[in-house]
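K.L.:
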Amino acid sequence: MQKSLLSLAVAAVLAAPLAVQADTILYGSARVSVDYVDPKLDAVSKFFGDPEPDSNWDVVNNSSRLGILGSEDLGGGLSAVYRYEFGVDVTEGDNFESNRPKFVGLRGNFGTLTIGTKDTPYYNVAGIVDTFNSSKTFGADAWLGGSFNGFKYNQELFSVGGSRGESTGLPSGDLFRLENSVYYITPEFNGFSAEAMLVLNGTPNGNTDPGFVNEPAYSDNIDIWNVAAKYSNGPFFAGVSYIKLDGNNVFTSGFFEDRGTQFFQSNKYDIDMDQWVLGLGYASGPFSVGLIYEQGNFNQNGFYGSQIKTIRRVDNGRVTAQYDVTPNSNSDAKNWYLTGSYAFGNNIIRAAYGQLDTGIDQFVATFNSRGPVDVVRVDDKIDNYLLGYQYNFSKRSLIWAEYIGRNADGYLWGDSNAFSIGTRVDF
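Here it is in structure tokens:
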């Protein structure tokens, strides 16, 4: 979401001169909105004849947070740095969410080395276009990094429940931030810098749901590694990031109930990832513009990309069904996203457009009681278009009104229109 004085203050403390000993700073940001959403069915739900979902109004928390950060001068050009941040839900009271930045480390002439939970180098490049306020504006349907489940994959994706053998897990956007990480940032040299992140989960078995077999986690060594190179000088920004996961095949099975019938479900997933992003930005006076291009083969719950094949089998003793999601064999998943803004007085107008190519060609369902195979051809492209207005009461308080539109007829996504009216106060 939109960068602010809060994030700039955090960066200033972590990059403070070595001779300065910074006090511990308490900071926070309350972000809440009233949202209207009008969703439509995806192609597969249409195939099964599901009813159209209802439009709805909702009071929404937009990543409100509370945290502390600071540094200590250790002498000899060395400083200790630390940050501990909680997610705070100002709407429903689900506070102290864990996946916020939390780390401790050392900073010196060599750069900065931290251990804990941090924004990824991948997002630090792709985030050049994450300029809106609503949490609905930069999710799994808008960028490839927003569709990876991270180490929540096994726990959430294969939870008991769901209809037609589908999981109840939703994309959590963990390429935005990863836990269990070792992170290194080089010193800046004439605008150039580099970052590297290693993720070491250390879990030989990922799934603990009693209804499922215990499948392997990603790997027994380095689970994910991510590098980035950036250039920032005056109005110009350029960055590139590459992320790699060398995972295992994952198999799960278990029972669930759908519409009064007990089903047995098994799933097979090939968990690998090889993905990169290029980001460009320019800001001068009241104008700013950002552009990213992404390409990869592990994304939306493992369903994007030429290397991924998903098979779901459901057997209730009377009907056996196999669901086969077929990736596009000609290309990986791709995404480009362009955003721009214009500021005048206390006002900011923003607009964005992006197109995400999922790489999925078709959805196949075979039923032994129906005869031949039923094939659903899906549109593998998602078009996103956004328009927003922001009014700044001060440097810390603002209101926004944002529209989020999506055109899609794919495996997981249908058309959607949403409108968000919200407020934000930083301290």
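Take the sequence shown: its letter number 145 is residue 142 in the numbering used here, and every next letter is one higher.
Even glycine gets a Cβ: it sits at the ideal position worked out from N, Cα and C.
Remember, predicted model here, so these are calculated numbers, not experimental data.
Give the list of continuous beta strand (DSSP E) stretches no shorter than 3 residues that lie fully inside the stretch 107 to 139.
P.N.:
108 to 116
K.L.:
Name the DSSP beta bridge partners of G64, please?
P.N.:
For the purposes of this step, residue 64 is taken as residue 67 along the sequence shown, with counting starting at 1. Beta-bridge pairing links G64 to Y24, E82.
K.L.:
DSSP has F341 in a bridge; who is on the other side?
P.N.:
On the sequence shown, residue 341 is found 344 positions in, with the first residue counted as 1. N344.
K.L.:
Tell me the DSSP bridge mates of F424?
P.N.:
Working through the sequence shown from its first residue, we reach residue 424 at position 427. Partner(s): none; F424 has no beta bridge.
K.L.:
Distance check for Y120 and N332, CA to CA, integer angstroms please.
P.N.:
The residue you call residue 332 lines up with position 335 of the sequence shown. The residue you call residue 120 lines up with position 123 of the sequence shown. Straight-line Cα distance between these residues: approximately 14 Å.
K.L.:
With distance defined between alpha-carbon atoms, name the residue in I219, G124, W397, L384 nearest to A235.
P.N.:
Along the sequence shown, one-based indexing puts residue 235 at 238. For the residues I219, G124, W397, L384, the minimum Cα distance to A235 belongs to G124.
K.L.:
Please say whether G113 and V101 have beta carbons closer to each other than 8 Å?
P.N.:
Residue numbering aside, residue 101 sits at position 104 when the sequence shown is read from its first letter. Residue numbering aside, residue 113 sits at position 116 when the sequence shown is read from its first letter. In contact: V101 and G113 (Cβ atoms closer than 8 Å).
K.L.:
Taking C-beta to C-beta, are K483 and S178 nearer than 8 Å?
P.N.:
Residue 483 is absent from the model: the chain starts at -2 and stops at 424.
K.L.:
Would DSSP call G46 helix, strand or coil?
P.N.:
Taking the sequence shown and counting its residues from 1, one reaches residue 46 at position 49. Here G46 sits in coil by DSSP.
K.L.:
Can you name, in chain order, every residue of its own chain whose Cβ lies under 6 Å from the Cβ of T205, other than the five neighbours on each side?
P.N.:
For the purposes of this step, residue 205 is taken as residue 208 along the sequence shown, with counting starting at 1. Its pLDDT being 40, under 50, T205 is placed unreliably by the model, and the measurement read from it follows with that caveat. Correct list: empty, nothing qualifies.
K.L.:
Quick one: give me the first and last residue of the beta strand (DSSP E) that L288 is part of.
P.N.:
On the sequence shown, position 291 is the one that residue 288 refers to. Note, L288: beta strand (DSSP E), 284 to 293.
K.L.:
Mapping DSSP to helix, strand and coil, what is G456?
P.N.:
Absent from the model: residue 456. The displayed extent of the chain is -2 to 424, so no value can be given.
K.L.:
The beta strand (DSSP E) that contains I379, what's its start and end?
P.N.:
Counting from 1 along the sequence shown, the entry for residue 379 is found at position 382. Residues 378 to 389.
K.L.:
Could you check where the beta strand (DSSP E) with F189 kicks off and where it finishes?
P.N.:
By 1-based counting over the sequence shown, the position of residue 189 is 192. Segment 189 to 196, the beta strand (DSSP E) holding F189.
K.L.:
Rounded to whole angstroms, what's the CA-CA distance from L288 to W54? Just pull it up for me.
P.N.:
Numbered from its first residue, the sequence shown carries residue 288 at position 291. Numbered from its first residue, the sequence shown carries residue 54 at position 57. Rounded to the nearest angstrom, the two C-alpha atoms are 32 Å apart.
K.L.:
Taking L38 as part of the beta strand (DSSP E), name the residues at either end of that continuous run.
P.N.:
The residue you call residue 38 lines up with position 41 of the sequence shown. First-last for L38: undefined, no H or E at that position.
K.L.:
What residue range is occupied by the uninterrupted beta strand (DSSP E) comprising K227?
P.N.:
Counted from its first residue, the sequence shown places residue 227 at position 230. Taken as a continuous stretch (DSSP letters only), the beta strand (DSSP E) holding K227 covers 221 to 230.
K.L.:
Which residue marks the beginning of the beta strand (DSSP E) containing K99, and which one marks its end?
P.N.:
Working through the sequence shown from its first residue, we reach residue 99 at position 102. 99 to 105 is the extent of the beta strand (DSSP E) around K99.
K.L.:
The beta strand (DSSP E) that contains V87, what's its start and end?
P.N.:
Taking the first residue of the sequence shown as 1, we reach residue 87 at position 90. V87 -> no beta strand (DSSP E), and no H or E assigned at all.
K.L.:
Grab me the residues of A340's own chain with a C-beta within less than 7 Å of its C-beta, minus the 5 sequence neighbours each way, in chain order.
P.N.:
Taking the first residue of the sequence shown as 1, we reach residue 340 at position 343. Its chain contains P283 as the residues whose beta carbon lies nearer than 7 Å to that of A340, once the 5 sequence neighbours on both sides are disregarded; these appear in chain order.
K.L.:
Quick check: what's the CA-CA separation for N59 versus D47?
P.N.:
On the sequence shown, residue 59 is found 62 positions in, with the first residue counted as 1. On the sequence shown, residue 47 is found 50 positions in, with the first residue counted as 1. As the crow flies, the alpha-carbon of N59 is around 30 Å from that of D47.
K.L.:
Could you name the residues that DSSP lists as bridge partners for D55?
P.N.:
For the purposes of this step, residue 55 is taken as the residue at position 58 of the sequence shown. Residue pairing for D55: DSSP places it in a beta bridge opposite D32.
K.L.:
May I ask you to report which of helix, strand or coil DSSP gives G72?
P.N.:
Taking the first residue of the sequence shown as position 1, residue 72 is located at position 75. Strand.
K.L.:
What's the call for D138, buried or exposed, on a 16-neighbour Cβ count within 10 Å?
P.N.:
Residue 138 sits at position 141 when you count from the first residue of the sequence shown. Buried, since its Cβ has 16 or more Cβ neighbours within 10 Å.
K.L.:
Could you please give me the residues that DSSP links to K331 through a beta bridge?
P.N.:
Position 334 of the sequence shown holds residue 331. Residue pairing by DSSP places K331 opposite Q292, D354 in a beta bridge.
K.L.:
Comparing alpha-carbon positions, which option in D51, G64, G105, I65 lies nearest G73?
P.N.:
Position 76 of the sequence shown, counted from the first residue, corresponds to residue 73. For G73, the nearest C-alpha among the options comes from G105.
K.L.:
With a 10 Å radius around its C-beta and 16 neighbouring C-beta atoms as the bar for buried, classify E192 as buried or exposed.
P.N.:
Within the sequence shown, the letter at position 195 stands for residue 192. With 16 or more other Cβ atoms inside 10 Å of its own Cβ, E192 counts as buried.
K.L.:
Along the beta strand (DSSP E) that carries W397, what are the first and last residues, could you check?
P.N.:
As a working mapping, residue 397 is identified with position 400 in the sequence shown. 394 to 404 is the extent of the beta strand (DSSP E) around W397.
K.L.:
Leaving out the 5 sequence neighbours to the left and right, which residues in its chain are closer than 6 Å to A398 when beta-carbon positions are compared?
P.N.:
As a first step, residue 398 is located in the sequence shown; it is residue number 401 there, counting from the start. Apart from the 5 residues on each side of it in sequence, A398 sits with its Cβ closer than 6 Å to the Cβ of Y386, I418 in its chain, given in chain order.
K.L.:
From this set, Q352, G351, T336, which residue's C-alpha is nearest I345's C-alpha?
P.N.:
Looking up residue 345 in the sequence shown gives position 348. Checked all of Q352, G351, T336; the closest Cα to I345 is T336.
K.L.:
Under 8 Å, do G67 and F424 count as touching if we go by C-beta distance?
P.N.:
The residue labelled residue 67 in the question sits at position 70 within the sequence shown. The residue labelled residue 424 in the question sits at position 427 within the sequence shown. Against a cut-off of 8 Å, the Cβ pair of F424 and G67 comes out as no contact.
K.L.:
For N414, list the residues DSSP reports as bridge partners.
P.N.:
Looking up residue 414 in the sequence shown gives position 417. Per DSSP, D35, G402.
K.L.:
Between the alpha carbons of D127 and R421, how many angstroms are there, rounded?
P.N.:
Reading the sequence shown from its first residue, position 130 is the one you call residue 127. Reading the sequence shown from its first residue, position 424 is the one you call residue 421. Taking the straight line joining both Cα atoms gives about 16 Å.
K.L.:
Would you kindly check if the distance between the Cβ of L172 and the Cβ of T117 is under 8 Å?
P.N.:
For this step, residue 117 is matched to residue 120 along the sequence shown. For this step, residue 172 is matched to residue 175 along the sequence shown. Less than 8 Å separates the beta-carbon of T117 from that of L172.
K.L.:
Can you grab the Cα-Cα spacing for the pair F129 / A330, in whole Å?
P.N.:
Within the sequence shown, the letter at position 132 stands for residue 129. Within the sequence shown, the letter at position 333 stands for residue 330. Answer to the nearest angstrom: the Cα atoms are 24 Å apart.
K.L.:
Are D377 and R403 closer than 8 Å when you measure CB to CB?
P.N.:
In the sequence shown, residue 377 corresponds to position 380, counting from 1. In the sequence shown, residue 403 corresponds to position 406, counting from 1. In this structure, R403 does not lie closer than 8 Å to D377 by Cβ.
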